[in-house]
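**Q**
Numbering (this note's numbering), first residue to last: 6 to 196.
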């Protein structure tokens, strides 16, 4: 069964691939800021993740997706409401198609089961031979409480080993939260 555009908000799919696309020669339009190494809570309160110190943080407007960048390495996380019948496998197939659209020579290296925010999910890892070097793209997702929780990475294969421990730490810290009460916004502390 093909997943329609309305079943998963594509706004959460594209920013991580925009970051990856930037790494293989394209451009990205995300607002950047340096992060100080703390727990990041999504604006809607649906998830939290430990932000690595010194990595650049980019928030996607109109989405709860956030991307952390360290040089050419990107890690993106997001949560999205699902509709009846949505599955992790459908989501992953859409993402594979996006990777193949941006990198027609991409190959699937691995697929399997994984835990995302404490829920059972699935992942794939793809290799893309880009003009600036070989890229590894990994997308993992799990369904929990009628939401899809997404963890994506894109990294030059030559650099992945240097940041793998940080990425693993981020993956382990990525957790589901209760969200904010309807109509409420998170209060921001004055600096």
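C-beta: ideal position from N, C-alpha, C; glycine also.
Source: prediction; values computed, not measured.
Please report the distance separating the alpha-carbon of residue 71 from that of residue 108.
**A** Taking the first residue of the chain shown as position 1, residue 71 is located at position 66. Taking the first residue of the chain shown as position 1, residue 108 is located at position 103. If you take the alpha carbons of residue 71 and residue 108, they lie about 23 Å apart.
**Q** Which class does residue 162 belong to by DSSP, given the choice of helix, strand or coil?
**A** Your numbering for residue 162 matches position 157 in the chain shown. In the structure shown, residue 162 sits in a helix (DSSP, three-state: H, G or I).
**Q** With C-beta atoms as the reference, is residue 83 less than 7 Å away from residue 155?
**A** Counted from its first residue, the chain shown places residue 83 at position 78. Counted from its first residue, the chain shown places residue 155 at position 150. Yes. Within cutoff.
**Q** Closest by CA to residue 169, which one among 80, 67, 113 and 62?
**A** Taking the chain shown and counting its residues from 1, the one referred to as residue 169 is at position 164. Of 80, 67, 113 and 62, the residue nearest in Cα terms is 80.
**Q** What are the complete beta strand (DSSP E) segments, minimum 3 residues, inside the segment 37-95?
**A** Those beta strand (DSSP E) runs which fall completely within the segment 37-95 and span 3+ residues are 44-46, 52-55, 61-64, 71-75 and 78-86.
**Q** Do residue 102 and residue 69 have their C-beta atoms closer together than 7 Å?
**A** As a first step, residue 102 must be located in the chain shown, where it is residue number 97. As a first step, residue 69 must be located in the chain shown, where it is residue number 64. No, these two residues do not count as a Cβ contact at 7 Å.
**Q** Name the two residues that bound the continuous beta strand (DSSP E) containing residue 132.
**A** For this step, residue 132 is matched to residue 127 along the chain shown. Residues 124-135.
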